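Take any residue in the sequence shown, note its place counting from 1, add 5, and you have its number in my numbering. Cβ atoms here follow ideal geometry from the backbone N, Cα and C, with glycine treated the same way. Owing to the predicted nature of the structure, the values given are computational and were not obtained by experimental measurement. Below you'll find the structure, written out as C-alpha cells, and then a few comments.
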Amino acid sequence: MNYYPFHLGDYAAHTAHLEPMEDLAYRRLLDQYYLREGPLPSDVSATAKLVRMRSKIDDGDSVLRDFFTRTEDGWVHGRCDAEIEKMQDKQAKAKASAQASVSARKARSLNGRSTPAEHQIERTLNERSTNVDVFPRERSTQNEKKLKVVEQPTTTP
6 MNYYPFHLGD
16 YAAHTAHLEP
26 MEDLAYRRLL
36 DQYYLREGPL
46 PSDVSATAKL
56 VRMRSKIDDG
66 DSVLRDFFTR
76 TEDGWVHGRC
86 DAEIEKMQDK
96 QAKAKASAQA
106 SVSARKARSL
116 NGRSTPAEHQ
126 IERTLNERST
136 NVDVFPRERS
146 TQNEKKLKVV
156 EQPTTTP
C-alpha cells in the first residue's frame, strides 16, 4: 500500500504519552506494516532493523508491545488490518467494475452499433473529397462589416 488514511485526532489521542523516539518508531512501524500489507517480523531485532532503529531497539520493543499483538505470523495491528481490508475490498470492487465496463463495451461493439471487423472500410491517408476547394479563389465578404476610419486632428502644443 502506497497510501493509507492517517487520522491525526486518533493518532494524537493514542500516542500522547510517547517520547519522541517512541513516536518515530511507531510511525515507522505503521509505515512498514502498510507497505507489507501484513504482520511485521516477530523477531524484535529484525523489526528494529526494518524501521532503521537498531540503536534504539528498546524504544521499538516498547512500542511493539504497546500497540501491536504478537502472533505466530508476527506482530499484527488491528486498525491497520481493518484499513488494509477496506482498501483491498475497494480494489476488488474497482476491478470488477472495470471488467464489467469492458464487457459492456465489447457487447455494444458487436451488436450493430459499430462496424464489425470483417466489414471494415479502408481509408487512404490524406484523401479529400473531389468537390472541396481547398484554396478558395475569391474571398467572401458577406459577413464582414466595413469599419469606418476616423482621423483625429493632431494638436501641437
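Item	Value
Does DSSP put Val49 in a helix, in a strand, or in coil?	helix
With distances taken between CB atoms, is the gap from Tyr38 to Cys85 smaller than 8 Å?	yes
Which of the three DSSP states, helix, strand or coil, is assigned to Val81?	strand
Around the Cβ of Phe72, are there at least 16 other Cβ atoms within 10 angstroms (buried) or fewer (exposed)?	buried
Since Thr52 contacts Gly65 with CB under 8 Å, what's their CB separation in whole angstroms?	6 Å
Helix, strand or coil, according to DSSP, for Thr20 in the structure here?	helix
Identify the residues that DSSP records as bridge partners of Arg75: which are they?	Trp80
Check the C-beta distance from Val56 over to Arg33 and give it rounded, since I have them as a contact under 8 Å.	4 Å
I need the straight-line Cα distance from Gln19 to Lys100, nearest angstrom please.	One detail in the question is off: residue 19 reads as His in this sequence, not Gln. Going from the Cα of His19 to the Cα of Lys100 covers about 35 Å.
With distances taken Cα to Cα, identify the nearest neighbour of Tyr8 among Val68, Ala17, Glu27, Gln96.	Gln96
Can you round the beta-carbon distance between Thr74 and Val68 to whole angstroms, since I take them to be within the 8 Å contact cut?	Not really, about 13 Å apart at Cβ, beyond 8 Å.
Are Met6 and Lys61 closer than 8 Å when you measure CB to CB?	no
Where does the unbroken alpha helix (DSSP H) through Met26 begin, and where does it stop?	25-41
Considering only the beta carbon of each residue, do Ser47 and Gly79 sit closer than 8 Å?	yes
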